[in-house]
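Q: In our numbering, the protein residues as written are 95 to 301.
Next up, the structure:
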């Protein structure tokens with residue numbers, strides 16, 4: 095997975111998934127098929143196939159709360175990066191059913207809630223929620239998830255907003271430090287997409 099994020103081994107991840115697939119299918123422990131679905135979601139995200147990530151995760155019935163929450167949070171990022179409010183709400187609703195708790199799993203859903211607020215044109219609330227989510231992850235040194243949540247901001251906040259500009263710069267710094275070429279490429283695409291958002295839509299998000 096790390097190699098795929100670095101842009102070095104997407105084929106390697108796909109191969110690992112295929113080797114693991116029969117084992118997961120023949121095992122009575124639910125964590126193995128749950129982990130398999132999470133790996134497939136990562137493979138599709140790093141390959142740039144955001145459209146299928148949400149569908150893959152939401153339509154699968156996870157049993158293990160840790161793998162389920164992790165996969166759903168990834169689907170939440172995919173939904174926000176597409177600026178798809180309906181899919182983001184759908185992920186949020188399914189995620190609420192999981193009982194797993196902790197600083198990480200509370201911070202990342204806050205980023206999802208912030209993205210939904212932004213897409214619903216509740217800009218001030220979105221900025222506050224994003225700040226809380228990223229601060230928690232940053233303080234705990236969770237670099238990858240910090241970058242993912244910063245990219246949520248880039249995807250849904252107006253590019254002229256200071257919070258969006260700061261998020262893009264910090265995300266780029268983290269991505270370079272991690273060597274996360276696949277995510278840096280997606281960051282560039284998010285910035286390009288936001289630059290094309292109609293000025294009237296950008297203005298409404300600042301309210």
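Note that the Cβ used here is the ideal one computed from N, Cα and C, for glycine as well. Being a predicted model, the structure only gives us computed values, none of them experimental.
Please return the same chain residues whose Cβ sits closer than 7 Å to the Cβ of residue 172, not counting the five positions on each side in sequence.
A: Same-chain partners within the cutoff: 139, 144, 147, 148.
Q: Is the CB-CB distance between residue 208 and residue 192 below 7 Å?
A: Against a cut-off of 7 Å, the Cβ pair of residue 192 and residue 208 comes out as no contact.
Q: Would the beta-carbon of residue 206 fall within 7 Å of that of residue 186?
A: Yes, Cβ-Cβ distance for residue 206 and residue 186 is below 7 Å.
Q: Could you spell out the range, first to last residue, of the alpha helix (DSSP H) harbouring residue 147?
A: 144-152 is the span of the alpha helix (DSSP H), which, as asked, contains residue 147.
Q: Between the region 128-137 and the region 104-112, do three or more beta carbon pairs fall short of 8 Å?
A: Touching, yes, given that three or more Cβ pairs across the two stretches are closer than 8 Å.
Q: Just to confirm my understanding: we take residue 237, look at its own chain, exclude 5 residues before and 5 after, and list those with CB closer than 8 Å. What are they?
A: Closer than 8 Å at Cβ, skipping near neighbours: 268, 271, 272.
Q: Between 153, 159, 231, 241, which lies nearest to residue 275 when the distance is taken from Cα to Cα?
A: The shortest Cα separation from residue 275 among 153, 159, 231, 241 belongs to 241.
Q: By the three-class DSSP mapping on this structure, what secondary structure does residue 251 have?
A: Of the three classes helix, strand and coil, the one that applies to residue 251 here is coil, per DSSP.
Q: Of all the options 278, 288, 286, which has the alpha carbon lying nearest to the alpha carbon of residue 100?
A: Ranking 278, 288, 286 by Cα distance to residue 100 puts 278 first.
Q: Pick out whichever of 239, 262, 235 has its Cα sitting closest to the Cα of residue 248.
A: It is 262.
Q: DSSP on residue 97, reduced to helix/strand/coil?
A: In the structure shown, residue 97 sits in a helix (DSSP, three-state: H, G or I).
Q: Go to residue 177, then tell me how far its alpha helix (DSSP H) extends in each direction, as first and last residue.
A: Run containing residue 177: none; DSSP gives neither H nor E here.
Q: Which one of 96, 251, 290 has the shortest CA to CA distance from residue 219?
A: Among 96, 251, 290, the Cα nearest to that of residue 219 is on 251.
Q: Exposed or buried, what is residue 119 when buried is set at 16 or more other beta-carbons lying within 10 Å of its beta-carbon?
A: It counts as exposed.
Q: What residue range does the alpha helix (DSSP H) around residue 204 cover?
A: Residue 204 -> alpha helix (DSSP H) spans 197-213.
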